[in-house]
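One structure is given here, and the rest of the page talks about it.
In our numbering, the protein residues as written are 21 to 122.
Printed below as a string of structure tokens:
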């Protein structure tokens, strides 16, 4: 399991990548899942947990793998972080009549 760091967006959603190992022979099975950070806040978000994982049949002919032949444990974790969102400040000042001062 891997998950990229993300910029603060106010929620805990994460985008995991699930890589499978332990398949028999040259069988191909794909995996997808949902995951979330342990916090939505920059200072405390440091862990992503897979909430659900789904396996799907893959390959063709000799490499076809049946997802039902395998099991993927949920709850796997990986380190990742939420980074601060950059802000832009706009400054406006009223016009001023010249009075010799700044």
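Every residue gets a Cβ at the ideal spot worked out from N, C-alpha and C, and that includes glycine.
As the structure is a computational prediction, the values presented were derived from the model and not from experiment.
{"Item": "Taking DSSP as the reference, what is the three-state secondary structure of residue 108?", "Value": "coil"}
{"Item": "Determine which residues share a DSSP beta bridge with residue 48 and list them.", "Value": "84"}
{"Item": "So, for residue 83: in the same chain, excluding its five sequence neighbours on each side, which residues have a beta-carbon less than 7 Å away from its beta-carbon?", "Value": "46, 47 and 48"}
{"Item": "Using the beta-carbon count (16 or more within 10 Å), is residue 36 buried or exposed?", "Value": "buried"}
{"Item": "Measuring only the C-alpha atoms, how far is residue 104 from residue 57?", "Value": "15 Å"}
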